[in-house]
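What follows is one structure encoded as structure tokens, with my remarks underneath.
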Amino acid sequence: MNQRFAHWGVFILLSLTWGSSFILMKIGLESFTSYQVASLRLVAAGIALLPFLPKALRQTPGKKIPLILLSGVLGNGIPAFLFCLAETEIDSSLAGILNALVPLMALLSGIIIFKSPFKKAQLTGIFVGLAGVVLLFTSKGISTNEHWYYAFLVILATISYGINISLVHNTLKGFSSLQLGSIAMFFCAILTFPILWFSNFFPQFTQPDAPWRSLSAGLVLGVMGTGIAAVLFFLLIKRAGSVMASMVAYALPLVAVGWGLLAHEPITWVQVLCMGIILLGVYLVNSANKAPVEKFPEQVK
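Heads up: the sequence shown begins at 23 in the working numbering, then just goes up one per residue.
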């Protein structure tokens, strides 16, 4: 029972942290380019986890390092740039809603790449949650975004997230969350720091009207939304399984609605209904993890 509460505690904290990242990206984009915001996010995360790096490297077999680096690129590097580029043209709530495709991508990548067994109840939960996200999306309307096709960048990011979830679950379960997060984020920071250095990022802070607001948003986005969140995410995958970890994406629209309430935006009964449907999907998938795997006819030998 205590373990279940711990899993849900990490789930809620991670949902709040990641759910706030979309508005933080928007604030960062007020003064920086999409590439600068993404790079700042990854560099800040790498620095935040730097104290844990030496011990992580000592405890990690050399043959696993490439897999961890690949996980960092798939789970943090590629999505960071795709999301920031997408949010130059679409609003943050739309990005958050589309991010709920992650569970479906994770399940599909697990089945296709790793031949993972799956349960009927898991599929039911995922599609119930996805239905809630689609309803929430359609209730807001896509016509309000002139450049809505930038949303395809978010879909590409969810594919990258989904593959990473399956990769961690199937090949890196024996490692601690700090171990994986510190190595992966340090590698991403090394790769992306040159973008900040050569893109006229630092000279902006020698001016009287330096963009401190955007810098603060980027640092919080990196430290909390990427660094600490990466550790929590690895922990959730390891303790509760990849499907429940991917279901965090379903809670992100709820956080977006919370930001809307704080900003005095009207919340309709349709949006409240969508929240209930999304949470029902989370419950169904989480419950399915406790049941033995039910093989489909084509899986029976």
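Every residue gets a Cβ at the ideal spot worked out from N, C-alpha and C, and that includes glycine.
Count the other C-beta atoms from every protein chain shown that fall within 10 angstroms of the C-beta of residue i, then say buried if there are 16 or more, exposed otherwise.
{"i": "K85", "result": "exposed"}
{"i": "V322", "result": "Residue confidence for V322 is low, a pLDDT of 34 falling below 50, so the modelled location carries little weight and cannot support an answer."}
{"i": "G234", "result": "Rather than Gly, the amino acid found at residue 234 in this sequence is Trp. W234 is exposed by the Cβ-count criterion."}
{"i": "P76", "result": "exposed"}
{"i": "V292", "result": "exposed"}
{"i": "L64", "result": "buried"}
{"i": "W40", "result": "buried"}
{"i": "S188", "result": "buried"}
{"i": "G196", "result": "exposed"}
{"i": "S165", "result": "Confidence in S165 is poor, its pLDDT being 46 and thus under 50, which makes the residue's placement unreliable; the coordinate value appears in the next sentence. So S165 ends up on the exposed side."}
{"i": "A251", "result": "buried"}
{"i": "F224", "result": "exposed"}
{"i": "A232", "result": "exposed"}
{"i": "S131", "result": "buried"}
{"i": "S37", "result": "buried"}
Taking the alpha carbon of residue i as the point to measure from, which residue in the options has its own alpha carbon closest?
{"i": "L178", "options": "F197, L126, V156", "result": "L126"}
{"i": "L123", "options": "F149, V294, P225, T248", "result": "F149"}
{"i": "V307", "options": "G247, A143, L194, L283", "result": "A143"}
{"i": "W281", "options": "V176, L107, G118", "result": "G118"}
{"i": "L35", "options": "L284, A262, G263, F255", "result": "F255"}
{"i": "L62", "options": "Y172, N192, F208, I135", "result": "F208"}
{"i": "G247", "options": "A67, L257, I217", "result": "A67"}
{"i": "T145", "options": "I134, F136, L129", "result": "In the sequence on display, residue 145 carries Leu and not Thr. Per the Cα distances, L129."}
{"i": "L51", "options": "L72, G240, T193, V270", "result": "G240"}
{"i": "G249", "options": "I134, A206, R261", "result": "A206"}
{"i": "T214", "options": "A102, L72, P73, L79", "result": "A102"}
{"i": "I300", "options": "N24, F105, G147", "result": "G147"}
{"i": "G298", "options": "L72, L194, L276", "result": "L276"}
{"i": "I49", "options": "P88, S221, L257, L243", "result": "L243"}
{"i": "G263", "options": "V190, P230, T228", "result": "V190"}
{"i": "L120", "options": "I259, A173, A211, A232", "result": "A173"}
{"i": "V176", "options": "R261, L257, V253, L104", "result": "L104"}
{"i": "V32", "options": "I259, G303, A278", "result": "I259"}
{"i": "T193", "options": "R261, L38, F136, A273", "result": "F136"}
{"i": "L72", "options": "L274, C210, L218, Y171", "result": "C210"}
Can you tell me whether residue i sits near the ligand SAH, meaning its C-beta is under 8 Å from at least one heavy atom of the ligand?
{"i": "I133", "result": "In the structure on display, the ligand SAH does not appear, and there are no ligands present to speak of."}
Assuming residue i is part of the alpha helix (DSSP H), what are its boundary residues?
{"i": "P230", "result": "First-last for P230: undefined, no H or E at that position."}
{"i": "M207", "result": "199-219"}
{"i": "K77", "result": "75-81"}
{"i": "V176", "result": "173-193"}
{"i": "L35", "result": "24-41"}
{"i": "P88", "result": "87-94"}
{"i": "P125", "result": "124-136"}
{"i": "K260", "result": "251-262"}
{"i": "L62", "result": "56-70"}
{"i": "L116", "result": "114-120"}
{"i": "F103", "result": "100-108"}
{"i": "S236", "result": "234-244"}
> Taking contact to mean at least 3 C-beta pairs separated by less than 8 Å, is the stretch 106-124 in contact with the stretch 73-87?
Replying inline: The stretch 106-124 makes no contact with the stretch 73-87; the number of CB pairs closer than 8 Å stays below 3.
>> Three or more C-beta pairs under 8 Å: does that hold for the stretch 27-44 against the stretch 191-210?
In response: no
>> Could you check whether the stretch 170-190 touches the stretch 91-109, counting it as contact only if at least three pairs of C-beta atoms, one from each stretch, sit closer than 8 Å?
In response: Yes, the stretch 170-190 is in contact with the stretch 91-109.
> Does the stretch 51-71 touch the stretch 140-154, meaning 3 or more C-beta pairs lie closer than 8 Å?
Replying inline: no
> Is there contact here, the stretch 228-242 with the stretch 23-30, by at least three beta-carbon pairs under 8 Å?
Replying inline: no
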